[in-house]
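This report refers to the structure that appears directly beneath it.
In my numbering, the protein residues as written are 112 to 592.
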């Protein structure tokens, strides 16, 4: 904003200076040229009268001194001819006399008693002013005089004035830039405080509210409105966080009491009612898990956490080591493949929760004697692939919706596991998608941002975390949480 205001002020100043100084420079240049032309014409007329008088009196020997003295004083070049156009005197010592110039246009016009003043170039290519005058008394023409004057001095003066105008414009531009910068900083100061306050609010806090006393009235009103909105948002966020932290304690007790009361009915109920009682207890337990999941998701959404570098290989090794015993009970192998991934960006604790949720889902649907593969790619992408029944396209589209469960699911999940996973991955700056696995099963692909590229190093002894000996067999069901 400051740069744009400064550039707009400078652009306007440049336009104004150009509109004033360029015409002024052209007017001065034309004036200098006009004054030089008038001066040359006047001098040529005076010299023509003097030389005409000398020619009339027959004093031809005096002509070289006259033209030479003038050329020495002014730097001009003078040529005098007789009435036939033959050169009688030339101020250039190297020039020859006796040449006939009657064929040249300006001399021919002067012999017809017509003066000529023009701007042309000499033999060396320099710009000169040329004035050719007839040496006449009345209608009697006794000779001509040509005076050429170089425009070097005129050009020097014109260039000097252009330089002075450019210097003045630069000084004005510098002064305007200084004033404009100060003005732009004053105008945008409330915007900078608003930007800082917005950044703080995005991080979940507002320790320095924007200044509502500086800047233009519109920005002061905007800062006041922002402060009011931010204060209300902070109040709402604190209230929601308080609810998330207290609701679990308030809801846990009545749910536990309800489950105990239902279990106490068991001795007094007919045997035929026991299946219904077990289903009621299961629903109460599922309701408790659902409440815990909602509270966990609310805490995640209310917590503004900055991603930090996390070693993906270390987290994978730890989580696989933790899940291997449970997988072995179901005769399911866990296998880590692919090159080491190194460090990735993730919020603290997010990778552990993501891998735990996905492994729990994969174990729930994996048949015995199958393998869950955790595959890493050089692009910091993690694949968690099972060999279960998989999901169709419609189910994969809705899998991350809250409370959604597959129509063929027979487990007692809450439908909050995958939404929590997606929130954690999004907060870490990554993405998660579901794809069909080769053959059968599901491929959960998690793409995370790498911290920095580094040389890949092979770990000694390989990374076969999937080798284990089954311990016991456990009943499993199909479906996905």
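Virtual Cβ for every residue (Gly too), placed ideally from N, Cα, C.
Simplified DSSP assignment, three categories, for residue i
i           : result
residue 566 : Model confidence at residue 566 stands at a pLDDT of 48, short of 50, so the residue's coordinates are unreliable and nothing is read from them.
residue 458 : coil
residue 206 : coil
residue 322 : coil
residue 234 : coil
residue 502 : coil
residue 417 : coil
residue 379 : helix
residue 582 : Confidence in residue 582 is poor, its pLDDT being 31 and thus under 50, which makes the residue's placement too unreliable to answer from.
residue 248 : strand
residue 481 : strand
residue 317 : coil
residue 338 : helix
residue 571 : Summary for residue 571: the model assigns pLDDT 43, below 50, so the residue's position carries little reliability; its value from the coordinates is reported in the next sentence. Residue 571: coil per DSSP, three-state reduction.
residue 200 : strand
residue 260 : strand
residue 559 : coil
residue 212 : coil
residue 192 : strand
residue 226 : coil
residue 547 : strand
residue 510 : coil
residue 497 : coil
residue 179 : helix
residue 491 : coil
residue 127 : helix
residue 453 : coil
residue 254 : strand
residue 156 : helix
residue 539 : coil
residue 114 : helix
Any C-beta of chain B under 8 Å from that of residue i
i           : result
residue 276 : Among the chains in the structure shown there is no chain B, since it carries only a single protein chain.
Presumed contact (8 Å Cβ cut-off) between residue i and residue j, rounded CB distance
i           : j           : result
residue 269 : residue 143 : 6 Å
residue 489 : residue 511 : The pair is not a contact, with the Cβ atoms about 26 Å apart (cut-off 8 Å).
residue 217 : residue 254 : That belief does not hold up - the Cβ atoms of residue 217 and residue 254 are roughly 14 Å apart, past 8 Å.
residue 423 : residue 460 : Rounded, the Cβ-Cβ distance is 14 Å, inconsistent with contact.
residue 442 : residue 480 : 6 Å
residue 162 : residue 177 : 6 Å
residue 304 : residue 311 : Not a contact, Cβ separation roughly 11 Å.
residue 158 : residue 125 : With 8 Å as the limit, residue 158 and residue 125 do not qualify as a contact, their Cβ atoms being about 48 Å apart.
residue 373 : residue 391 : 5 Å
Buried/exposed call for residue i, threshold 16 Cβ in 10 Å
i           : result
residue 327 : exposed
residue 393 : exposed
residue 572 : For residue 572, the predicted structure reports a pLDDT of 41, less than 50, and the residue's modelled location is therefore unreliable. A value from the coordinates is still provided. So residue 572 ends up on the exposed side.
residue 199 : buried
residue 138 : exposed
residue 231 : exposed
residue 371 : exposed
residue 549 : exposed
residue 596 : There is simply no residue 596 to check, as the chain begins at 112 and stops at 592 in what is shown.
residue 566 : Summary for residue 566: the model assigns pLDDT 48, below 50, so the residue's position carries little reliability, and this model does not support an answer.
residue 346 : exposed
residue 290 : exposed
residue 378 : exposed
residue 195 : exposed
residue 502 : buried
Residue i and residue j closer than 8 Å at C-beta
i           : j           : result
residue 496 : residue 484 : yes
residue 204 : residue 221 : no
residue 179 : residue 202 : yes
residue 128 : residue 284 : yes
residue 210 : residue 191 : no
residue 117 : residue 292 : yes
residue 455 : residue 561 : yes
residue 435 : residue 445 : yes
residue 229 : residue 241 : yes
residue 121 : residue 286 : no
residue 272 : residue 169 : no
residue 537 : residue 546 : no
residue 321 : residue 334 : yes
Closest Cα partner of residue i within the set the options
i           : options               : result
residue 551 : 512, 509, 374 and 482 : 482
residue 425 : 450, 509 and 441      : 450
residue 133 : 280, 160, 556 and 442 : 280
residue 259 : 463, 243 and 301      : 243
residue 331 : 298, 183, 443 and 313 : 298
residue 339 : 130, 323 and 350      : 323
residue 165 : 252, 146 and 148      : 252
residue 250 : 234, 257, 123 and 225 : 225
residue 171 : 208, 186, 381 and 290 : 208
residue 155 : 227, 114 and 528      : 227
residue 641 : 160, 183, 534 and 475 : A query on residue 641 cannot be resolved here, the shown segment of the chain reaching from 112 to 592 and no further.
Cβ-heavy atom distance, residue i to the ligand ATP, below 7 Å
i           : result
residue 539 : Among the components modelled here there is no ligand, and therefore nothing to report on the ligand ATP.
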